[in-house]
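This report refers to the structure that appears directly beneath it.
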Amino acid sequence: ATRRAAEADQARAEGAVQLAQQRIARAEHESSGLTEGAVAADAERSGLRTEIARAAAAEAQADEAVRALVAADGPDRIRRSEAERAEASARQRLRAADDRLRAAERSELETRLGLDGLRAGVLVELAALGQRGLTSLLAVVDPRANPAGVSRAAPSPAEGDQDTPAGGSPPDTGEAADEVPAFEAALDAAASQWTATAPVEPPPSAARLVQLRRRYHELGGANPFAVAEYAELKVRLETIEDQHADLRAAMTRTHELIAELEAMIADQFRTTFAALETAFERRFEQLFGGGFARLSLTDPADLGATGIEIVARPPGKKAQALAMLSGGERALTAVALLFSMLEVRPVPFCVLDEVDAALDEANIGRFAEALRSLADRTQFIVITHNRGTIEAADALYGITVGADSVSRVISLRLDEAQALASDRGSEPALAG
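Below is the structure:
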């Protein structure tokens, strides 16, 4: 027994030695793996340090390049800004010169048009004077002058009879040819007379002459089409003035129409507001079972910007503003205002989302009665969790979620359900 025990102890010791050797082998293997990992980590760390050094050097070079670019870009920016300022100044001077040129051209055109009109008027007046008028003009200008040329321009009656052709009308060519020198002589005489009688003025100075010559050269040559352009522009101006007059008349009519519409809107607003105020008082008394409520305008003079104030007096309380009422009273007052609006201006469809959430059982009954009174003209969809409101409905729609997490709509018409329940209740009970 002692031997077997010793053998067993020896076997256990050998097993323990083998296990220890295996653990030592695994530890040596793991140690060699860790050593290799440490060597690889050191190599990777040295590589990363090298890359970091390269990146730092590249960053330093990039910073130096950026600073160099900024330093080189400074003069360019200054030159660019100076060039932009010079360009803006040149543009301003160019616009000013263009404005002056246009003003000079306009002044020259007006002056030439005035001279042309004056010349045409003088010619028309001289032509209207005729032969006798020219003779009289020469006599008035210079009584000592011998109007021989003018006398020759007017043939005697005998000569006229001899030269008159058989048709009875004298030729026009000679008369027109004789009037030209007469006009020129009359103009020369008038100019001489005006020169003799005109006030003596000192001649312009040399500086003034230089200035006038420079001004003349700046104005440039005359526009030969100025008269035609003036006529076209005048016609266009008349057309634009007619259009402007039409637009002014249309604006006047539009303002009158706007005034009429504003007056109509104001009258309709006052009429509708009076009807709404009456309906609101009645609905408030119906929903509260008594009391009094009033609507008032904050600014009756300006209907476009006025607001509306509500003063309510529930039963047993004093009159106060809407903000001073409790939550349920405010909700019921709002419902009264909504129902009064639907009464004055009915709509085919109305959705109410839990407007009865703050109402008690007594108010729920009056709320259902008010809904019933308006249901003949307006279809209501009421979202509610209140049992009293549900009982007053004609049809119920519910949403349920089944085991498959799919929503389903369940509908029920209460009148059909009540009829079905009454039919089942009237069936005779079967004996078991």
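If you read the sequence shown in our numbering, its first letter stands for residue -11, the second for the next number, and so on.
A virtual CB, placed ideally from N, CA and C, is assigned to each residue, including glycine.
Alpha-carbon spacing of residue i relative to residue j, whole angstroms
i, j, result
"Val224", "Thr242", "In the sequence under discussion, the amino acid at residue 224 is Arg, which differs from the Val named in the question. Taking the straight line joining both Cα atoms gives about 26 Å."
"Ala238", "Met252", "21 Å"
"Asp64", "Glu72", "12 Å"
"Leu400", "Phe280", "39 Å"
"Gln274", "Gly353", "11 Å"
"Thr259", "Ala233", "39 Å"
"Leu384", "Ala391", "22 Å"
"Gly292", "Leu249", "13 Å"
"Met312", "Glu379", "32 Å"
"Thr372", "Ala254", "39 Å"
"Val389", "Leu340", "24 Å"
"Arg202", "Glu244", "58 Å"
"Ala60", "Thr38", "33 Å"
"Asp87", "Asp176", "41 Å"
"Glu297", "Lys306", "16 Å"
Close beta carbons around residue i, own chain, < 8 Å, minus the five adjacent residues each side
i, result
"Leu264", "Leu283, Ser328, Met329 and Val332"
"Ala56", "none"
"Glu269", "Phe280, Ala281 and Arg282"
"Arg360", "Ala380"
"Ala350", "Gly277"
Contact set for residue i: own chain, Cβ-Cβ below 7 Å, skip 5 residues either direction
i, result
"Gly386", "Ile398"
"Glu206", "Ala92"
"Gly315", "Ala346"
"Asp403", "Asp382"
"Val198", "none"
With 16 other Cβ atoms within 10 Å as the buried cut-off, status of residue i
i, result
"Arg271", "buried"
"Glu317", "buried"
"Val58", "exposed"
"Ala300", "buried"
"Asp344", "buried"
"Thr240", "exposed"
"Ala29", "exposed"
"Pro334", "exposed"
"Ala267", "buried"
"Leu325", "buried"
"Thr23", "exposed"
Identity of the residues DSSP links to residue i by a beta bridge
i, result
"Glu297", "Ser284"
"Asp59", "Note that residue 59 is Ala in the sequence shown here, rather than Asp. Partner(s): none; Ala59 has no beta bridge."
"Val397", "Ile387"
"Gln459", "Any answer about residue 459 is impossible in this case: the structure gives the chain only from -11 up to 420."
"Phe337", "Gln367"
Residues near residue i in its chain [Cβ-Cβ closer than 6 Å; skip 5 each side]
i, result
"Arg33", "none"
"Phe337", "Gln367"
At which residue ranges does the stretch 339 to 394 contain complete alpha helix (DSSP H) runs of 4 or more residues, listed in the order of the chain? Counting whole runs of 4 or more residues, the stretch 339 to 394 contains the alpha helix (DSSP H) stretches 349 to 362 and 375 to 379.
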